[in-house]
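Residue numbers (our numbering): 21 to 421.
Quick reminder that beta carbons are idealized off the backbone N, C-alpha and C, glycines included.
Computed from a predicted model, the values in this text were never measured in an experiment.
Let me begin by presenting the structure, written as C-alpha cells, before commenting on it.
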C-alpha cells in the first residue's frame with residue numbers, strides 16, 4: 021500500500037500539513053504584507069509538530085509497525101527539549117504578539133481569502149491526525165486500551181480534504197485584495213464541467229464506487245484549473261514562481277488521481293497453488309515455479325520464484341520471501357513488487373498446506389504510480405518557485421543599487 025495511518029507515518033504527516041499551510045501563509049506575507057501574526061503562529065506550530073514527531077518515533081511511547089531504536093533516556097531528553105522549545109516559543113509569541121501590526125487587509129472573495137481557507141482546512145486535517153494519533157495514549161493513561169485506525173482518519177479527514185481540493189482549484193484564479201463572485205464562477209465553469217464529466221464517465225464506465233469516482237473527477241477539475249493562470253500570458257515573460265505554482269498544483273491533482281485509482285480499481289487475489297500452477301490478477305498471470313530456501317546476513321527465508329506474464333510484454337521474475345530473524349525471533353513477509361508506468365504488482369508468499377500448495381497473494385494497483393509522479397511534480401514546483409523568488413529578489417536589489 022501507500023498509506024496505513026500508522027502512528028509513525030502520521031508523525032511525518034503532521035509537520036508536512038503545518039509547513040504546507042505556513043508556505044502559503046508566507047506567500048501572502050511576502051506578496052501582500054498580510055497575515056503577520058498567523059504566519060508567526062504557523063511557524064511555531066510547524067516546528068512543534070516536527071519535535072512532537074521526533075518524540076513519538078524515538079521514545080517508544082507508541083507501538084508501530086516500523087522498527088526504531090527505543091531508549092527511554094532519549095525519550096525523556098526529547099520531552100525536555102519539547103518543553104523548552106515549544107513552551108519558550110509560545111511564551112515569546114504570547115508576550116510579543118501585541119507588538120505585531122495588523123498588516124494589509126483584504127476582502128473575503130480574494131486570493132488572500134482563499135489562502136486563509138486553505139490554511140484553516142489544513143489546520144483542521146492536522147487537528148484530526150493529531151487527536152487520532154495521541155488519543156490512544158490519553159486513553160491508556162486513564163486505564164482504557166483502544167486503537168484508532170484508518171476508518172476514523174478516512175471518515176474524518178477525507179471530507180475536509182475534498183473541500184481543500186476545491187479551494188486549491190479556486191484560489192489561484194482569484195485576484196489579490198478583492199474579487200467578485202461572478203468572475204470566480206465564470207473562471208471555474210470549465211474546471212467544474214471537466215470534473216462533472218470525469219466523475220460521470222468513471223462512475224458509469226469504470227465500475228468504481230461513488231467516492232473514488234468523485235475524487236477522480238475533482239482531480240481532473242483541479243488539473244484544468246491549475247493551468248488556467250497561464251492562459252493568455254506571454255509564457256516567455258511569465259515569472260518562474262508562477263510556473264512553480266502551476267506545476268505543484270498540477271502535481272497535487274496527479275497524486276490525488278493516483279490515490280483515488282488505488283481505491284477504485286485495485287484488484288486482490290489470494291490462492292493456494294502448487295508448483296506449475298498459476299493465478300491471474302488484473303492483466304497479469306502469476307505462475308509458481310519453485311519454493312526454495314534462502315539465507316541473508318541475519319535471516320533465513322523461504323523464497324518463491326514467480327514467473328509473471330502480461331499480454332504484449334516480456335515475462336519477468338519476482339521473488340517474494342517469508343523471512344525469519346533469530347534475534348529477536350521475528351517472522352516477516354517481504355513483498356516482491358513490479359513497477360510499471362500504469363501501476364504496480366505486489367506479490368507475497370504465505371504458508372504451505374503440507375500438500376505441496378502455497379498461499380500466493382497478489383495485488384494489482386493500476387495508476388498508483390501517479391502518487392509518486394505527482395510528488396515529484398510538487399517538489400519540482402517548489403524548486404521552481406524558490407529559484408524564481410531568489411532571481412526576483414536579486415533583480416530588485418540590482419535595480420535598487
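Quick check: the segment 400 to 407 against the segment 263 to 275, are there 3 or more CB pairs under 8 angstroms? yes
Beta carbon of residue 184, beta carbon of residue 274: below 8 angstroms? As a working note, residue 184 is residue 164 in the chain shown. As a working note, residue 274 is residue 254 in the chain shown. Their beta carbons are not under 8 angstroms apart, which means residue 184 does not touch residue 274 by this criterion.
Report all residues from its chain with a CB closer than 7 angstroms to the CB of residue 49; omit the five preceding and five following residues, and keep chain order. Within the chain shown, residue 49 is the residue found at index 29, counting from 1. If we look at residue 49 and ignore the five residues flanking it on each side, its Cβ neighbours are 55, 56 and 59.
What separation, rounded to the nearest whole angstrom, lies between the Cα atoms of residue 182 and residue 135? For the purposes of this step, residue 182 is identified with residue 162 of the chain shown, where counting begins at 1. For the purposes of this step, residue 135 is identified with residue 115 of the chain shown, where counting begins at 1. So the alpha carbons of these two residues sit roughly 16 angstroms apart.
Within a Cβ cutoff of 8 angstroms, which residues of the same chain sit near residue 201, ignoring the five residues on either side of it in sequence? On the chain shown, residue 201 is found 181 positions in, with the first residue counted as 1. These residues qualify, in order along the chain: 129.
Pick helix, strand or coil for residue 55, following the three-state DSSP scheme. As a first step, residue 55 must be located in the chain shown, where it is residue number 35. In the structure shown, residue 55 sits in coil (DSSP, three-state: anything other than H, G, I, E or B).
If you draw a straight line from the C-alpha of residue 64 to the C-alpha of residue 172, how long is it? The count along the chain shown starts at 1 and reaches residue 64 at position 44. The count along the chain shown starts at 1 and reaches residue 172 at position 152. Looking at the two C-alpha atoms, the distance is approximately 27 angstroms.
What residue does the beta strand (DSSP E) around residue 17 start on, and which one ends it? Because residue 17 is not part of the residues shown, which for the chain are 21 to 421, the question remains open.
Contact between the segment 283 to 291 and the segment 244 to 262 (3+ Cβ pairs under 8 angstroms): no
By Cβ distance, which residues of its chain are closer than 7 angstroms to residue 372, with the 5 residues on each side in sequence left out? The residue you call residue 372 lines up with position 352 of the chain shown. Excluding positions up to five away in sequence, the list reads 378.
May I ask you to report which of helix, strand or coil DSSP gives residue 129? As a first step, residue 129 is located in the chain shown; it is residue number 109 there, counting from the start. It is coil, neither helix nor strand.
Cα separation between residue 67 and residue 106? Sequence index remark: in the chain shown, residue 67 carries index 47 (1-based). Sequence index remark: in the chain shown, residue 106 carries index 86 (1-based). About 8 angstroms.
Opening and closing residue of the beta strand (DSSP E) in which residue 188 lies: Mapped onto the chain shown, residue 188 falls at position 168. Residue 188 -> not in any beta strand (DSSP E); alpha helix (DSSP H) instead, spanning 170 to 190.
Ordered list of alpha helix (DSSP H) runs contained in the segment 233 to 308, each at least 4 residues: 260 to 285
Pairing CB atoms from the segment 105 to 123 with CB atoms from the segment 140 to 159, are three or more of them under 8 angstroms? no
Which same chain residues, not among the five before or five after residue 312, have their C-beta less than 6 angstroms away from its C-beta? Here residue 312 corresponds to residue number 292 of the chain shown, with the count starting at 1. The residues are 323.
Quick one: is residue 301 buried, meaning 16 or more other Cβ sit within 10 Å of its Cβ, or exposed? Along the chain shown, read from residue 1 onward, the residue named residue 301 stands at position 281. Residue 301 comes out buried.
Have a look at the DSSP bridge pairing and note the partners of residue 362. Start at 1 with the first residue of the chain shown, and residue 362 comes out as number 342. Bridge partners of residue 362: none, in fact.
Nearest candidate by alpha-carbon position, reference residue 235, set 53, 248 and 212: If you number the chain shown from 1, residue 235 lands on position 215. With distances taken between Cα atoms, residue 235 lies closest to 212.
I'd like the span of the alpha helix (DSSP H) that includes residue 377, first residue to last. On the chain shown, residue 377 is found 357 positions in, with the first residue counted as 1. No alpha helix (DSSP H) contains residue 377, which is instead part of the beta strand (DSSP E) from 377 to 386.
For residue 281 and residue 174, I'd like the C-alpha separation in whole angstroms. Position 261 of the chain shown, counted from the start, is the residue given in the question as residue 281. Position 154 of the chain shown, counted from the start, is the residue given in the question as residue 174. Each residue's alpha carbon lies about 16 angstroms from the other.
Is the separation between the beta-carbon of residue 276 and that of residue 239 shorter than 8 angstroms? Taking the first residue of the chain shown as 1, we reach residue 276 at position 256. Taking the first residue of the chain shown as 1, we reach residue 239 at position 219. Yes, the pair counts as a contact, with Cβ atoms nearer than the cut-off.
Answer yes or no: does any C-beta atom of chain C fall closer than 8 angstroms to that of residue 371? Going by chain labels, chain C is absent from the structure shown, which holds only one protein chain.
Is the segment 27 to 37 close to the segment 120 to 128, with three or more CB pairs under 8 angstroms? no
Is the beta carbon of residue 71 less than 8 angstroms from the beta carbon of residue 102? The count along the chain shown starts at 1 and reaches residue 71 at position 51. The count along the chain shown starts at 1 and reaches residue 102 at position 82. Taking 8 angstroms as the Cβ cut-off, residue 71 and residue 102 qualify as a contacting pair.
Can you tell me the Cβ-Cβ gap for residue 159 and residue 166, rounded? I've got them flagged as a contact below 8 angstroms. Taking the chain shown and counting its residues from 1, the one referred to as residue 159 is at position 139. Taking the chain shown and counting its residues from 1, the one referred to as residue 166 is at position 146. Contact flag correct, Cβ pair sits at about 5 angstroms.
My assumption, with CB atoms under 8 angstroms, is that residue 214 sits in contact with residue 247. Please give the rounded CB distance. Residue mapping note: residue 214 aligns to position 194 of the chain shown, counting from 1. Residue mapping note: residue 247 aligns to position 227 of the chain shown, counting from 1. The pair is not a contact, with the Cβ atoms about 11 angstroms apart (cut-off 8 angstroms).
Buried or exposed for residue 443, going by 16 or more other Cβ atoms inside 10 Å? Because residue 443 is not part of the residues shown, which for the chain are 21 to 421, the question remains open.
Can you name the start and end residues of the beta strand (DSSP E) that residue 338 belongs to? Residue mapping note: residue 338 aligns to position 318 of the chain shown, counting from 1. Unbroken beta strand (DSSP E) run through residue 338: 336 to 338.
DSSP puts residue 321 in a beta bridge; with which residues? Position 301 of the chain shown, counting from 1, holds the residue named residue 321. According to DSSP, residue 321 bridges with 314 and 343.
Under 7 angstroms from any heavy atom of the ligand ADP, does the C-beta of residue 163 make it? Judged by which ligands are present, the structure shown has none, so any question about the ligand ADP falls away.
If you run the structure through DSSP and keep just helix, strand and coil, what is residue 94? Working through the chain shown from its first residue, we reach residue 94 at position 74. Three-state result, residue 94: helix.
Starting from the Cα of residue 95, find the closest Cα among 74, 104 and 350 and give me that residue. Stepping through the chain shown from its first residue, residue 95 is reached at position 75. Nearest C-alpha to residue 95: 74.
Backbone CA spacing between residue 420 and residue 179 [nearest angstrom]: By one-based count along the chain shown, residue 420 stands at place 400. By one-based count along the chain shown, residue 179 stands at place 159. The straight-line gap from Cα to Cα measures roughly 48 angstroms.
Could you please give me the residues that DSSP links to residue 330 through a beta bridge? Counting from one through the chain shown, the residue named residue 330 turns up at place 310. In the DSSP output, where bridge partners are listed per residue, residue 330 has 304.
Leaving out five residues on either side along the sequence, give the residues of the same chain with a beta carbon under 7 angstroms from the beta carbon of residue 250. What you label residue 250 is simply residue 230 of the chain shown in a count that begins at 1. Answer for residue 250: 258 and 266, listed in chain order.
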